[in-house]
Amino acid sequence: MPIDVMPEWAANLEDEDMTFIKKFLLASGSLKEVANQYDVTYPTVRLRLDRLIQKIQISEDNSSEPYVALIKRLAINEKIDFDTAKILISEYKKTKNETKKTNRG
Numbered sequence: 001m002p003i004d005v006m007p008e009w010a011a012n013l014e015d016e017d018m019t020f021i022k023k024f025l026l027a028s029g030s031l032k033e034v035a036n037q038y039d040v041t042y043p044t045v046r047l048r049l050d051r052l053i054q055k056i057q058i059s060e061d062n063s064s065e066p067y068v069a070l071i072k073r074l075a076i077n078e079k080i081d082f083d084t085a086k087i088l089i090s091e092y093k094k095t096k097n098e099t100k101k102t103n104r105g
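Right under this line is the structure:
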């Protein structure tokens, strides 16, 4: 992949997220080693990794819906938590699908 092309999920990450990913990779995926580098506990690093995974998952959901894009931005920018974002997007899609079915019948 050319250096000037960055995947959307990576472009949505903060610099400190990229630093964390680099340390994680250089530690061969050892959360214990990363915890030692940051001088924090293993559960703290595990939580950070889980949140990073959620950020990437949300940014990978390619929806052109303005509402969904807004919810994703709020979650990525930590204005709302990822679980709330997933619920809002899921309920929005359900409502939209129900509206389509109602309009057809």
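Counting from 1, one number per residue, gives the positions in the sequence shown under the UniProt record's numbering. From the three backbone atoms N, C-alpha and C, an ideal C-beta is built for every residue, glycine too. Quick caveat: nothing in here was measured; it's all calculated off a predicted structure.
Residue i, DSSP secondary structure in three states
i	result
Asn77	coil
Asp39	coil
Glu91	helix
Glu8	helix
Glu98	helix
Glu60	helix
Integer-rounded CB distance, given that residue j should sit under 8 Å from residue i
i	j	result
Ala85	Ile58	6 Å
Lys93	Ile76	The pair is not a contact, with the Cβ atoms about 19 Å apart (cut-off 8 Å).
Distance CB(residue i)-CB(residue j) smaller than 8 Å
i	j	result
Phe82	Arg48	no
Val68	Ile87	no
Val45	Leu31	yes
Lys22	Gln37	no
Residue-level contact to chain C via CB, residue i, 8 Å cutoff
i	result
Thr99	Among the chains in the structure shown there is no chain C, since it carries only a single protein chain.
- Which full runs of the alpha helix (DSSP H) of 4+ residues lie inside the UniProt domain "DUF2089" (13-58), going along the chain? 15-26 and 31-38
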